[in-house]
Amino acid sequence: MLDPLMDKYDIPEWARTYIYRYATAHPIKTVSFAISLIDSGRRKGRVMNDRVIMPNGSSLDIRPISKLLNLFLYGEDRMARMEMKWTEQQGGGRDYKEHFAEIAEMDMKRAKAIKNLMYGLKQKVEPNQGSIAEVFDNVEGLSSWNDRVIATGIILRYSYAATFGMVFYRAFYSVAPEYMRSFGKAFKEKRERWDTIEAFRILGSGEADHRHAVELARDLLSDVLNSVHSNMDIAEEMNLKSEMELISEISIAHPFKMLCDAGISLDIDGEVRRVKAIALKKRQRRRS
């Protein structure tokens, strides 16, 4: 049941491990329902005043969807503002500043696409998203240009946008295609982003220290995981908690896979477990 679907959507081998694990741990009915949200075929959904009817016939309260979109919007808007702020700071060289200005413009387009989708769904934009602000505060506070490139080009890009953004696009395209088209165009770059290319270059050449890059990823991804944990109520409202846990696990594994591709030797599954442990310690410290 899973293999043809994963072939259809070009799910990479490294990600299939997590999906098989999820499928093994849950009843076939649960897995079939999750698949039906993504693989809708020619069926279409529709948007009502307070609910979204998915192509598989399930009905979702629009409020948690609105919360999720506000998180997407905050992330892309904050990325753009952060990247533009870096262009005004000393160091980095003219090329870095020009490139960060370019990707800031790309992220502004993403934010605009999300905002248009929210307006199309008649949902209110809520600019204050404290639950994920800490992640971006920590990235914005990075002083090393190498760290900034790795953080935006690999760590944030392949945890938040490349995982959560694309799953959302797959699930909701058939519900509101007139708005999701612009969302999809914004999230599907025709060419690789400069910061991702540059991150691969500095890691491949040894210009950026591999051990430090892994430590940076562990620290930032533990914050990403805690931001997902603090918003798990959204998944609970949508009755998709186990699916959200699966996506969050893949969102942590994906940046480590990219670091492997950039030339760093590491155990992806082991790093995911380590990040979970770090995230738990951070939550415990906050409670004490």
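With our numbering, letter number 211 in the sequence shown gets 253, and the count goes up by one each step, no holes.
We treat Cβ as the ideally placed atom computed from N, Cα and C, and that holds for glycine.
Annotation for Trp56: Lys299 place their beta carbon closer than 6 Å to its own, counting only its chain and skipping 5 residues before and after. Note on geometry: alpha-carbon atoms of Ser100 and Glu176 lie some 34 Å from one another.
Taking all protein chains shown into account, Leu47 has fewer than 16 neighbouring C-beta atoms within 10 Å of its C-beta and is therefore exposed. In the DSSP secondary-structure assignment, Arg93 is bridged to Asp103. Taking the CA atoms as reference points, Gly134 sits about 17 Å from Leu245. Per DSSP, the unbroken alpha helix (DSSP H) holding Leu288 starts and ends at Lys283 to Asp303. Contact between the region 139-150 and the region 110-123 is present, with at least three C-beta pairs closer than 8 Å.
In summary, Ser307 is exposed, with fewer than 16 beta-carbon neighbours lying within 10 Å of its beta-carbon over all protein chains present. In the three-state reduction of the DSSP assignment, Arg260 falls in the helix class. For the pair of segments examined, the region 249-267 was found to touch the region 301-317: the number of CB pairs separated by less than 8 Å reaches three.
For Thr66, the number of other beta carbons within 10 angstroms of its own is below 16, and it is reported as exposed. For Arg88, the secondary structure class from DSSP, reduced to helix, strand or coil, is strand. In terms of Cβ geometry, Ile61 and Leu288 form a close pair [threshold 9 Å].
Secondary structure of Asp309 (DSSP, three-state): coil. Nearest Cα to Arg88 within the set Tyr215, Thr59, Arg233 and Ala143: Tyr215.
Using a C-beta cut-off of 8 Å, the region 127-143 makes no contact with the region 162-174, since fewer than three inter-stretch Cβ pairs fall below that distance. Between the C-alpha atoms of Arg85 and Tyr221 there is a straight-line separation of about 17 Å. With a cutoff of 9 Å on beta-carbon distance, Leu113 and Ile174 are scored as near each other. Distance from Pro297 to Ala259 at the Cβ level is roughly 6 Å; contact confirmed, criterion being Cβ atoms closer than 8 Å. Leu159 sits away from Ala204, with the two beta carbons spaced by 9 Å or more. The C-beta separation of Asp237 from Gly195 comes to about 3 Å, placing the pair in contact by the 8 Å criterion.
Contact check for Met286 against Asp103 fails: the beta carbons are separated by 9 Å or more. Within the region 125-183, the runs of alpha helix (DSSP H) that reach at least 4 residues and sit entirely inside it are, in chain order, 135-162 and 172-182.
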